[in-house]
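Visitor: Below are the structure tokens for one structure; questions will follow.
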């Protein structure tokens, strides 16, 4: 037996219950566009500045120049200190000749570690040789 | 980035400085060396303060005069070697003569100062003091050579 519900369902099977106004979709695009707010004018992006090879290399070149300058200036200073060493040695010799009994011997002495230990090595070699000779005599 | 560059620069500057301060260029701190030698020798030889006050000035004087002889001798060798044309027979003869002369002068200094040392220390203490000096110098030399090898490696 067909119920009331069945009658309602059957009626909607054939008929589309949804309706739109006439020519609704024909002007649909214009309608929507006209309702949208004004588009914000975007500023055109500036063209990125092309970085040259020199700009990239500049910091490295400046750093290299700085270290080269530092190296040469230190070399120059050490060469000057060698020259000063020579003049100081001449002054020391004069001082030693004039006053052999100076108390503060080392204040005026300018000597490198290498030079001093070479001298000490020569002295020890002499001593070792004498010790060796003494041992020979004792035996 | 900036901090990284500063750190890199600092490391490079320090390495440049350490390179320039190699043993060949480092000034010998004689005061420090003498101070340590005095402490060691005084202890080993059992010197009193009075004995040390008399002994060490003489020892320093002797070392200084021997060092001057040694340096003068080296200067003469350098001057002769600088000759671009190579050493002549005459120059070799001068070198050998100078070598002998330096040894004679150093021996003369040893004899002169041994008389002076006898007046300030007993023979036993003098012997011990001189032995202790040699031991100390040998140790310092060994340390220096070891440090040099470490710097080179």
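Chains as they are written, first to last, in our numbering: chain A, 1 to 139; chain B, 1001 to 1153. Beta carbons are placed, not taken as given, at the ideal position from N, Cα and C, and that holds for glycine.
1. Consult DSSP for residue 1026(B) and reduce its assignment to one of helix, strand or coil.
2. Hey, does residue 1156(B) have any beta-carbon neighbour from chain A nearer than 8 angstroms?
3. Residue 24(A): buried (16+ other C-beta within 10 angstroms of its C-beta) or exposed?
4. With DSSP as the reference, please indicate the residues paired to residue 112(A) in a beta bridge.
5. Three-state secondary structure (DSSP) at residue 25(A)?
6. Can you pull the chain A neighbours of residue 1067(B), defined as C-beta to C-beta under 7 angstroms?
7. Hey, how far is the Cα of residue 1036(B) from the Cα of residue 1099(B)?
8. For chain A, find out if any of its Cβ atoms is closer than 8 angstroms to the Cβ of residue 1062(B); answer yes or no.
9. State buried or exposed for residue 1139(B), treating a residue as buried only when at least 16 other CB atoms are found within 10 Å of its CB.
10. Answer with buried or exposed for residue 8(A), where buried requires no fewer than 16 other C-beta atoms within 10 angstroms of its C-beta.
11. Any contact between the region 1036 to 1055 of chain B and the region 1075 to 1082 of chain B? By contact I mean 3 or more CB pairs, one from each, below 8 angstroms.
12. Counting only Cβ-Cβ distances shorter than 7 angstroms, please list the residues of the region 1139 to 1152 of chain B near chain A, keeping chain order.
13. Mind checking the region 60 to 72 of chain A against chain B and listing, in chain order, the residues whose C-beta falls within less than 7 angstroms of any C-beta there?
14. Could you give the distance in angstroms between the alpha-carbon of residue 1101(B) and the alpha-carbon of residue 1129(B)?
Guide: Walking through what the data contain:
1. Indexing the second chain from 1 puts residue 1026(B) at position 26. Taken through DSSP and simplified to helix, strand or coil, residue 1026(B) comes out as coil.
2. Examination of residue 1156(B) is not possible in this model, given that chain B is present from 1001 through 1153 alone.
3. Counting from one through the first chain, the residue named residue 24(A) turns up at place 24. So residue 24(A) ends up on the exposed side.
4. As a first step, residue 112(A) is located in the first chain; it is residue number 112 there, counting from the start. The partner list for residue 112(A) (beta bridge, DSSP) reads 1027(B).
5. The residue given as residue 25(A) occupies position 25 in the first chain. Coil.
6. As a position in the second chain, residue 1067(B) is number 67, starting the count at 1. The contacting residues are 119.
7. Looking up residue 1036(B) in the second chain gives position 36. Looking up residue 1099(B) in the second chain gives position 99. Distance between the alpha carbons of residue 1036(B) and residue 1099(B) is about 31 angstroms.
8. Start at 1 with the first residue of the second chain, and residue 1062(B) comes out as number 62. No, no contact with chain A.
9. For the purposes of this step, residue 1139(B) is taken as the residue at position 139 of the second chain. So residue 1139(B) counts as exposed.
10. As a position in the first chain, residue 8(A) is number 8, starting the count at 1. Exposed.
11. No contact exists between the region 1036 to 1055 of chain B and the region 1075 to 1082 of chain B.
12. The residues in question are 1141 and 1144.
13. Against chain B - using a Cβ distance shorter than 7 angstroms - the residues of the region 60 to 72 of chain A are 67, 70 and 71.
14. Here residue 1101(B) corresponds to residue number 101 of the second chain, with the count starting at 1. Here residue 1129(B) corresponds to residue number 129 of the second chain, with the count starting at 1. Those two C-alpha atoms are separated by around 28 angstroms.
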